[in-house]
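Engineer: Next up is a structure, given as structure tokens.
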Amino acid sequence: MSEIDLPALAQPANNHEQKTPLEMQEINMAYKACKFGLFHIRLLAISFVGYNAGVLVSNSTAFLLPSAECDLSMTLVQKGLLNAIPYLGTLFSTLIAGFLTDAFGRRIFVLVGFGGMFLFMFIGGLSQTYEVLLTTKFFEGILFATSFSASVTLTSEFCHNDIRDRVMLCQSSFSAVGQAIVPAMAWAILPQDWTYRFFEGKFVLNTWNFYLMIMSLWSLFTFILYASFIPESPKYLLTQKKYAEVRSTLVKMYKLNTRKPADTYPFINIWRDREEKAAKVLPEQRVDTSFKNQIVVGLRNIKPMFRKPLLIYLILLCISNFLIMGLYNVLRLWFPQLSTIVEHYKLNGEQDLCVMLDEYTTDLRIATLNRTETDICIPNRSGTETYINSIIVGCVCLVPYLVTGVLVNKVGKKPLFFVAGLICTAVTLGLRWANSKEAIVALFSSDVAIAQTMLSLNLALVVECFPTTSRTLAISFIMVSGRIGTLAGNIMFPILLDMGCIIPFFTLTGVVVVVVVISIFLPEKK
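Numbering (the working numbering), first residue to last: 33 to 558.
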């Protein structure tokens, strides 16, 4: 639930202020005794599968757009809406799920989220109309938001302070790996010519339908793995005074990581005296653990987040995440479509990216005006180049994580964030004048990689600034702002692109400049 224990609420403020930090310091020492080992590797491996499932919620749509544009009769704006709709779904559940996760635990929301994502992605694979696919993507977004904040918090709360930043950066890098895996799978599936008709042709499954159904298996595997191997967060259990469960989890971590017997664990009897003391409490003196009381306690625990200085930090980090995530997801989700356009509008001489995009939007406008009912829609399917380029983008996204993982403890998160913003500004501006396929891929991959690193650093700053009592809710606020940015960006990008290519790219550059300015005011330390 939170770092504030329930008995403390009925005690004087002085006792509360002394007791809560002591327990969190004790569990940090207990984590250090467990060391880093097989348990954490298994946790990261499972979160890797989960991150891939999360990437698929949005990224799978980007690759099916060229293949499904005729089957679903999609316009450019409808494509943008389909890209953005999962993020609209997240807005309906992120804050509520974040609050409830802090109040009722992390694990249950991870399981509900990934199990539900599998169900709706599979239903999306059976969809026959644009409206049905749009609806399933909306619900995928709701369930992704339910699971994401909980899974991030769950991973961070199994780590002691000395390794937490590096573990979280490693976990964030899984998104980059997912961006290489997804196009590789799409490359294996979407070029196939699979069409199966049922009920006299009234129900048709095309290649992109099978693509979505196959991709849904990532969420199913994540649900099974978390349910089988990962327990509830010990820090959450500690706030609930479930000392025996915390001790059991710590002992399992110790045995897995060190390969030593349980009786050699220095903290094998940690909090046993408090557990025995709690057992002697009379029934009428015991803490009310009803749903209503849990909600009330949860609300009390988040009050400090809306006071200085946490409120100022929350506003700055939310604005920053709104802008970065908008930039990142516009570039990431539109790259396969833009790469397909480049494939069909070959470069000639010094012709730059904007010339090709303007030609495409002009041709699309003319075709829409002159279209008749007898015209046959022929989709501009993605070729080999688009899939290879997308894999390159995913691989390049790993490089900044390797550099940041080494530098984060030496240089600090804020300086890295500022420098990454400056580089991202220059690269985004350079996209306007990219005049070869190699330059386009290099600039897009660099831009996406740096933006993704900035998102990870932004998230790490949230974990650094906010206590256990409100951390998941703070992450939820940050993610809500980012998803609003993604929603706005993906709806505005095709509109701005239709007005002229230079407009969206100069707008994106201005967005990064604002982020660089905001980074100056972010906190240096916890």
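Just so it is clear, CB atoms sit at the ideal spot from N, CA and C, and this is done for glycine as well.
Buried or exposed for Ser79, please, with buried defined as at least 16 other CB atoms from any protein chain shown within 10 angstroms of its CB.
Structural biologist: Ser79 should be labelled buried.
Engineer: Looking only at C-alpha atoms, which of Leu97, Glu101, Leu186, Ile195 sits nearest to Ile140?
Structural biologist: Considering only alpha carbons, the answer is Leu186.
Engineer: Our contact map puts Leu489 next to Tyr360 with C-beta atoms below 8 Å; I'd like the distance itself, whole angstroms only.
Structural biologist: So it is not a contact: roughly 13 Å between Cβ atoms.
Engineer: Could you name the residues that DSSP lists as bridge partners for Val236?
Structural biologist: In the DSSP output, where bridge partners are listed per residue, Val236 has Arg229.
Engineer: Can the beta-carbon of Ala294 be found less than 8 Å from the beta-carbon of Val278?
Structural biologist: Not a contact, by the Cβ cut-off of 8 Å.
Engineer: DSSP three-state call for His72: helix, strand or coil?
Structural biologist: Helix at His72.
Engineer: Could you check if Ile155 belongs to the surroundings of the ligand NAP, using beta carbon to heavy atom distance under 7 Å?
Structural biologist: Ligands in the displayed structure: none, and consequently the ligand NAP is not present.
Engineer: To the nearest angstrom, how far is it from the Cα of Gly121 to the Cα of Ile516?
Structural biologist: Answer to the nearest angstrom: the Cα atoms are 10 Å apart.
Engineer: Would the region 540-548 and the region 448-458 be scored as touching if the rule is three or more Cβ pairs under 8 Å?
Structural biologist: With a cut-off of 8 Å, the region 448-458 and the region 540-548 count as touching, because enough Cβ pairs lie within range.
Engineer: Could you work out which residue in Leu363, Ala466, Asp390, Ser422 is closest to Asp384 when comparing CA atoms only?
Structural biologist: Residue Ala466 is the option with its Cα nearest to Asp384.
Engineer: Could you give the distance in angstroms between the alpha-carbon of Met245 and the alpha-carbon of Leu158?
Structural biologist: Going from the Cα of Met245 to the Cα of Leu158 covers about 8 Å.
Engineer: For Thr418, count neighbouring Cβ atoms within 10 angstroms of its own Cβ and tell me buried if that reaches 16, exposed if not.
Structural biologist: Buried: at least 16 other Cβ atoms inside 10 Å.
Engineer: Ignore the nearest five residues each way along the sequence and tell me which others in Thr168's own chain have a CB closer than 8 Å to its CB.
Structural biologist: Excluding residues within five positions, the ones whose Cβ falls inside 8 Å are Phe152, Met153, Ile155, Gly156, Ser159.
Engineer: What alpha helix (DSSP H) runs, 4 residues minimum, are completely inside the region 110-144?
Structural biologist: 126-136, all fully within the region 110-144.
Engineer: Tell me the residue span of the alpha helix (DSSP H) that contains Arg279.
Structural biologist: Looking at the DSSP string, the run of the alpha helix (DSSP H) that includes Arg279 is 275-290.
Engineer: Going by beta carbon distance, what residues of the same chain come within less than 8 Å of Val109, once the five residues before and after it are set aside?
Structural biologist: Cβ neighbours of Val109 beyond the five flanking positions: Ile523, Pro526, Ile527.
Engineer: Please determine, among Leu252, Leu363, Leu54, Lys442, the residue with the shortest C-alpha to C-alpha distance to Gln211.
Structural biologist: Ranking Leu252, Leu363, Leu54, Lys442 by Cα distance to Gln211 puts Leu363 first.
Engineer: If Ile482 sits next to Pro215, beta carbons under 8 Å apart, how far is it from one beta carbon to the other, in whole angstroms?
Structural biologist: The Cβ separation is near 20 Å, so there is no contact.
Engineer: Taking contact to mean at least 3 C-beta pairs separated by less than 8 Å, is the region 246-253 in contact with the region 85-96?
Structural biologist: In short, these stretches touch, since the Cβ pair count reaches three.
Engineer: Keeping to the same chain, check which residues put their C-beta closer than 7 Å to that of Gly462; ignore five residues upstream and five downstream.
Structural biologist: So the qualifying residues of the chain are Leu475.
Engineer: Please report the distance separating the alpha-carbon of Lys445 from that of Ile398.
Structural biologist: Lys445 and Ile398: Cα-Cα distance of roughly 49 Å.
Engineer: For Pro536, which of helix, strand or coil comes out of DSSP?
Structural biologist: It is helical.
Engineer: Anyone know if the C-beta pair for Leu529 and Leu355 falls short of 8 Å?
Structural biologist: No. Outside cutoff.
Engineer: Does any residue of chain B have a CB that is nearer than 8 Å to the CB of Lys469?
Structural biologist: Protein chains in the displayed structure number just one, and chain B is not present.
Engineer: Could you please give the first and the last residue of the uninterrupted alpha helix (DSSP H) stretch that includes Gly453?
Structural biologist: Segment 445-462, the alpha helix (DSSP H) holding Gly453.
Engineer: Between which two residues does the alpha helix (DSSP H) holding Phe253 run?
Structural biologist: Looking at the DSSP string, the run of the alpha helix (DSSP H) that includes Phe253 is 249-261.
Engineer: Is the CB-CB distance between Met149 and Phe131 below 8 Å?
Structural biologist: No, they are not a contact pair.
Engineer: Quick check: the Cα distance between Glu470 and Leu201, rounded to an integer number of angstroms?
Structural biologist: Computed Cα separation, rounded: 29 Å.
Engineer: State buried or exposed for Ser232, treating a residue as buried only when at least 16 other CB atoms are found within 10 Å of its CB.
Structural biologist: It should be pointed out that residue 232 corresponds to Glu in this sequence rather than to Ser. Answer is exposed; the Cβ neighbour count stays below 16.
Engineer: CB Leu430 to CB Leu439, shorter than 8 Å?
Structural biologist: Contact: no.
Engineer: Is the beta carbon of Ser352 less than 8 Å from the beta carbon of Ile550?
Structural biologist: Cβ atoms of Ser352 and Ile550: closer than 8 Å.
Engineer: Can you give the Cα-Cα distance for Tyr243 and Phe299, rounded to whole angstroms?
Structural biologist: In a straight line, the C-alpha of Tyr243 is about 49 Å away from that of Phe299.
Engineer: Starting from the C-beta of Ile221, find all residues in its chain whose C-beta is less than 6 Å away, skip the five residues before and the five after it, and write them out in chain order.
Structural biologist: The residues are Tyr243.
Engineer: Since Pro432 and Thr485 should fall inside the 8 Å C-beta cutoff, what is the C-beta to C-beta distance between them, to a whole number of angstroms?
Structural biologist: Their Cβ separation, rounded to whole angstroms, is 4 Å, which keeps Pro432 and Thr485 in contact under 8 Å.
Engineer: Could you please give the first and the last residue of the uninterrupted alpha helix (DSSP H) stretch that includes Lys169?
Structural biologist: Counting along the chain, the alpha helix (DSSP H) containing Lys169 begins and ends at 162-188.
Engineer: Would you call Ile128 buried or exposed, if buried means 16 or more other Cβ atoms sit within 10 Å of its Cβ?
Structural biologist: Looking at its Cβ environment, which holds fewer than 16 other Cβ atoms inside 10 Å, Ile128 is exposed.
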